[in-house]
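Have a look at the structure below, then the notes.
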Amino acid sequence: MSRWKQAAASLLLLLLGGCAARNGEDNAYRQVTMDEAVQLMETETDYLVVDVRTPEEFEEKHIPGAVLVPNESIADEPPAALPDREQMLLIYCRSGNRSKQAAAKLAALGYTNVIEFGGINSWTGETVSGAV
0 MSRWKQAAAS LLLLLLGGCA ARNGEDNAYR QVTMDEAVQL METETDYLVV
50 DVRTPEEFEE KHIPGAVLVP NESIADEPPA ALPDREQMLL IYCRSGNRSK
100 QAAAKLAALG YTNVIEFGGI NSWTGETVSG AV
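Residue numbers (numbering that gives the first Met the number 0): 0 to 131.
Listed below in structure tokens is the structure:
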């Protein structure tokens, strides 16, 4: 193989490898607006709304039907409350910071349908109070 062909082949491999890595990172989790999250809740059926705040914050107010999985509890093992790694998970916190962290951690644990939509501070829908 000529030197030019070797260089072209190497360049092609680098380009293809770079695309694959970027696509993998882009697909780690999806971020949507609050309105888009509400639309998903109205049109989808097999999803979980996941609150990643503290138990005290959850008890004060949360989205009806939400499951509490505190961000700080997400580590090396998939959370017991989230057994299906392919189920749509709609993640929120108070302002949007912890939900981004939790979404990234869940994606790294192999969850394939993680959607982060910000914080309950922007939620205009119904909320409820009480413990888990």
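Every residue, glycine too, gets a C-beta built ideally from N, C-alpha and C. Bear in mind the structure is a predicted one, so any value in this text is a computation, not a measurement.
DSSP-derived helix/strand/coil call for D45: Here residue 45 refers to the residue found at position 46 of the sequence shown. The answer is coil: DSSP assigns D45 none of H, G, I, E or B.
Give me the Cβ distance between L67 and D50, rounded to the nearest whole Å; I'm assuming they're in contact under 8 Å. As a working note, residue 67 is residue 68 in the sequence shown. As a working note, residue 50 is residue 51 in the sequence shown. Right, their Cβ atoms sit about 5 Å apart.
What did DSSP end up calling D50 once you bin it into helix, strand or coil? Counting from 1 along the sequence shown, the entry for residue 50 is found at position 51. D50 sits in a strand when the DSSP states are folded into three classes.
Coil, strand or helix - R93 by DSSP: Taking the sequence shown and counting its residues from 1, one reaches residue 93 at position 94. Coil.
Measuring alpha carbon to alpha carbon, tell me which residue in R84, G95, A65 is nearest T126. For this step, residue 126 is matched to residue 127 along the sequence shown. Per the Cα distances, A65.
With a Cβ-Cβ cutoff of 7 Å, do K60 and S121 count as a contact? Here residue 60 corresponds to residue number 61 of the sequence shown, with the count starting at 1. Here residue 121 corresponds to residue number 122 of the sequence shown, with the count starting at 1. No, they are not a contact pair.
Beta bridge counterpart(s) of E115 as assigned by DSSP: Here residue 115 refers to the residue found at position 116 of the sequence shown. Answer is Q30, I90.
Can you give me the Cβ contacts of G109 inside the same chain, cut-off strictly under 8 Å, excluding the 5 residues immediately before and after it? Within the sequence shown, numbered from 1, the residue matching residue 109 stands at position 110. Here the set comprises P77, R84.
Within 10 angstroms of its Cβ, does S211 collect 16 or more other Cβ (buried), or is it exposed? Residue 211 cannot be examined here, being either before or after the span of the chain that is shown, 0 to 131.
Is the distance from the Cβ of G117 to the Cβ of R93 below 7 Å? Along the sequence shown, read from residue 1 onward, the residue named residue 117 stands at position 118. Along the sequence shown, read from residue 1 onward, the residue named residue 93 stands at position 94. Not closer than 7 Å, so no.
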